[in-house]
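Numbering-wise, the numbering used here comes out as the position in the sequence shown, counting from 1, plus 10.
All residues carry an ideal CB built from backbone N, CA and C; glycine is no exception.
One structure is given here, and the rest of the page talks about it.
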Amino acid sequence: MTKKATIVETVLFKPTEGINRKEVENQMSELNEFISKQDGFISRKTAVSEDGQFLDLVFWSDLECATTASEKAMENPKTLKAFQVIDEKTMTFKHFSIFNEIQE
């Protein structure tokens, strides 16, 4: 049975000063292994705007799984290293409940 996403996690941020786009892309890709192994994980997409702002979207089966994964990430040395490319002053992190969906 395929799990259905009910939560979308968004992380909107600019890179830490002195960190280039390629390094951010590499570090965000490094998070894939950790995130994909978390309970409730559905999918992840990461994008960048023309002005260099990044958007990370992670789809979860439920809020409890999303919250637990976030807590585990804050205790994992590998994920903490990847988070160093994120300028925390510019970061917005939120969970949203999905209420409307259309498939391709």
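Could you check whether Gly-50 and Lys-24 sit closer than 8 Å to each other, using their CB atoms as the reference points? In this structure, the beta-carbon distance from Lys-24 to Gly-50 does not fall below 8 Å.
Tell me which residues share the same chain as Glu-40 and place their Cβ nearer than 6 Å to its Cβ, disregarding the 5 neighbours each side in the sequence. Answer for Glu-40: Ala-92, listed in chain order.
Ser-80: first and last residue of the uninterrupted alpha helix (DSSP H) it sits in: Note, Ser-80: alpha helix (DSSP H), 73–83.
What beta strand (DSSP E) runs, 3 residues minimum, are completely inside the region 11–56? Runs of beta strand (DSSP E) with 3 or more residues, each lying fully within the region 11–56, are found at 17–23, listed in chain order.
For chain D, check one thing: does any of its Cβ atoms lie closer than 8 Å to the Cβ of Glu-81? Looking for chain D here will not work: only one protein chain is present.
Cα-Cα separation, Asp-81 to Thr-26: Reading off the sequence, residue 81 comes out as Glu, not Asp. If you take the alpha carbons of Glu-81 and Thr-26, they lie about 22 Å apart.
Quick check on Asp-10: buried or exposed, where buried means 16 or more other Cβ atoms within 10 Å of its Cβ? The structure shown does not extend to residue 10, since the chain spans only 11 to 114, so no value can be given for it.
Gln-109 (DSSP reduced to helix, strand or coil): Strictly speaking, residue 109 in this sequence is Phe, with Gln absent from that position. Coil.
Can you have a look at Phe-69 and say buried or exposed, based on whether 16 or more other CB atoms are within 10 angstroms of its CB? So Phe-69 counts as buried.
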